[in-house]
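Numbering (the working numbering), first residue to last: 5 to 205.
Beta carbons: idealized from backbone N, C-alpha and C, even for Gly.
Taking it in order: structure first as structure tokens, then the write-up.
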Amino acid sequence: MEKLFLVHYGEIGLKGKNRSFFEKKLAQNIKLSLQGMGCAEVRRIYGRILVMLQPEADVAAIQERLGKVMGIAHFELALAAEQTIDAIQAAALELVKDKASLEKVEELAEILATWNYRTQIYLVSFAEVQREIVTQTPAPFRVILYRRMMVRIAQQIAAAAKAECLVTGESLGQVASQTLGNLRVIEEVAEIPILRSSDRR
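Printed below as a string of structure tokens:
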């Protein structure tokens with residue numbers, strides 16, 4: 005499977021008739037910045053730019069370089085896959101196969117620690133809870149029940165850590181399950197405030 009970076013831009017997307025000019029310029033700058041680093045192609049699609057990689061490309065080095073290109077809002081590593089469930093599943097597993105769950109948690113904690121200097125990781129095994137919910141409840145309710153249980157567990161950790169609120173990455177409408185009704189049902193089990201990263205907007 006072919007690796008690539010999916011590049012998003014911000015203000016350029018608001019341009020009018022000259023939008024194409026700025027998209028081409030950004031694509032050109034990306035290509036120039038990645039010379040000699042294993043970039044096979046820089047391709048424009050509607051609203052995005054694809055950075056196709058050669059098999060021997062240094063992904064970490066390219067990622068660092070892309071972070072310094074003016075005009076890029078954010079980007080993600082991706083794999084090109086056929087439009088079938090099996091192919092998409094295989095691509096997703098390929099992206100995470102080299103990292104254990106704990107390693108991913110530690111990596112995220114390191115990122116957060118640049119803003120919060122007293123980061124502490126709490127690990128809770130949730131597999132048994134998930135199995136119980138899967139075997140006992142209809143599929144449409146499972147995600148909500150997962151989150152209700154996570155809130156209950158997080159409250160116990162918060163009490164032990166003397167934290168006064170919980171913070172989540174939920175955002176209204178971000179996914180189908182994050183509706184006002186579902187968020188209200190999840191919050192019903194909370195005894196302390198739940199703050200969401202999108203609340204600041």
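**Request:** Look at the alpha carbon of Leu97 and the alpha carbon of Ala117, and state the distance between them as a whole number of angstroms.
**Result:** Your numbering for residue 97 matches position 93 in the sequence shown. Your numbering for residue 117 matches position 113 in the sequence shown. Taken atom to atom, the span from the alpha-carbon of Leu97 to that of Ala117 is near 28 Å.
**Asked** By a C-beta neighbour count over all protein chains shown, 10 Å radius and 16 as the cutoff for buried, is Arg135 buried or exposed?
**Response** To locate residue 135, count along the sequence shown from 1; it is residue 131. With fewer than 16 Cβ atoms within 10 Å of its Cβ, Arg135 is classed as exposed.
**Message:** For a quick check, are the C-beta atoms of Gly40 and Gln58 less than 8 Å apart?
**Reply:** Taking the first residue of the sequence shown as 1, we reach residue 40 at position 36. Taking the first residue of the sequence shown as 1, we reach residue 58 at position 54. In this structure, Gln58 does not lie closer than 8 Å to Gly40 by Cβ.
**Request:** Using a threshold of 8 Å, state whether the C-beta atoms of Val11 and Ile53 are closer than that.
**Result:** In the sequence shown, counting from the first residue as 1, residue 11 sits at position 7. In the sequence shown, counting from the first residue as 1, residue 53 sits at position 49. For Val11 and Ile53, yes; Cβs fall inside 8 Å.
**Message:** Between which residues of its own chain and Leu149 is the CB-CB distance below 8 Å, once the five residues before and five after are set aside?
**Reply:** Reading the sequence shown from its first residue, position 145 is the one you call residue 149. Only Ile137 and Thr141 meet the Cβ criterion.
**Request:** Indicate the three-state DSSP secondary structure (helix, strand or coil) for Ile125 in the structure shown.
**Result:** Here the question's residue 125 lines up with position 121 in the sequence shown. Here Ile125 sits in coil by DSSP.
**Asked** Between Ala115 and Tyr13, what straight-line distance do the alpha-carbon atoms span, to the nearest angstrom?
**Response** The residue labelled residue 115 in the question sits at position 111 within the sequence shown. The residue labelled residue 13 in the question sits at position 9 within the sequence shown. In the sequence on display, residue 115 carries Ile and not Ala. A direct Cα-Cα distance of roughly 22 Å separates Ile115 from Tyr13.
**Request:** May I ask you to verify whether the region 21–28 touches the region 83–95, counting CB pairs closer than 8 Å and requiring at least 3?
**Result:** A contact between stretches requires three or more CB pairs, one per stretch, nearer than 8 Å, and the region 21–28 fails this requirement with the region 83–95.
**Message:** Applying the 10 Å Cβ sphere with the 16-neighbour rule, what's the burial state of Arg188?
**Reply:** In the sequence shown, the residue the question calls residue 188 occupies position 184. Burial check for Arg188: the Cβ neighbour count within 10 Å stays below 16, so the residue is exposed.
**Simplified DSSP assignment, three categories, for Phe3** = Nothing about residue 3 can be read from this structure; the chain reaches only from 5 to 205.
**Message:** Do Ile161 and Tyr126 have their beta-carbon atoms positioned less than 8 Å apart in this structure?
**Reply:** As a first step, residue 126 is located in the sequence shown; it is residue number 122 there, counting from the start. As a first step, residue 161 is located in the sequence shown; it is residue number 157 there, counting from the start. A contact, by the Cβ cut-off of 8 Å.
**Request:** For Lys7, count neighbouring C-beta atoms within 10 Å of its own C-beta (all shown protein chains included) and say buried if the count is 16 or more, exposed if not.
**Result:** In the sequence shown, the residue the question calls residue 7 occupies position 3. So Lys7 ends up on the buried side.
**Message:** So, at 8 Å on beta carbons, what are the nonlocal neighbours of Glu195 in its own chain, with the 5 sequence-adjacent residues on each side left out?
**Reply:** Counting from 1 along the sequence shown, the entry for residue 195 is found at position 191. Here Glu195 has Gln159 as same chain residues with Cβ atoms under 8 Å from its own Cβ, once five neighbours each way along the sequence are excluded.
**Asked** Quick one: what's got a C-beta closer than 7 Å to Asp62's C-beta in the same chain, skipping five residues either side?
**Response** Position 58 of the sequence shown, counted from the first residue, corresponds to residue 62. Within the same chain, Met41 and Gly42 come within 7 Å of Asp62 by CB-CB distance, once the 5 residues on both sides are set aside.
**Asked** What distance in whole Å lies between the Cβ atoms of Leu70 and Ile76, which are believed to be in contact at a cut-off of 8 Å?
**Response** Stepping through the sequence shown from its first residue, residue 76 is reached at position 72. Stepping through the sequence shown from its first residue, residue 70 is reached at position 66. Confirmed, about 6 Å.
**Item:** As assigned by DSSP and simplified to three states, the class of Lys28
**Value:** On the sequence shown, position 24 is the one that residue 28 refers to. When secondary structure is reduced to three states using DSSP, Lys28 falls in the helix class.
**Cα-Cα separation, Ala131 to Glu191** = Locating residue 131 in the sequence shown gives position 127, counting from the first residue. Locating residue 191 in the sequence shown gives position 187, counting from the first residue. Between Ala131 and Glu191, the C-alpha separation is close to 22 Å.
**Request:** Name, in chain order, the residues that DSSP records as bridge partners for Thr172.
**Result:** Indexing the sequence shown from 1 puts residue 172 at position 168. The secondary-structure analysis by DSSP pairs Thr172 across a beta bridge with Arg200.
**Item:** Nearest-angstrom Cα separation, counted from Pro144 out to Arg205
**Value:** Taking the sequence shown and counting its residues from 1, one reaches residue 205 at position 201. Taking the sequence shown and counting its residues from 1, one reaches residue 144 at position 140. Only weak support is given to the placement of Arg205: the predicted model assigns it a pLDDT of 48, under 50, and the value that follows is read from those uncertain coordinates. Taking the straight line joining both Cα atoms gives about 30 Å.
**Message:** I need the boundaries of the beta strand (DSSP E) containing Val46, first residue and last residue.
**Reply:** In the sequence shown, the residue the question calls residue 46 occupies position 42. Counting along the chain, the beta strand (DSSP E) containing Val46 begins and ends at Cys43 to Ile49.
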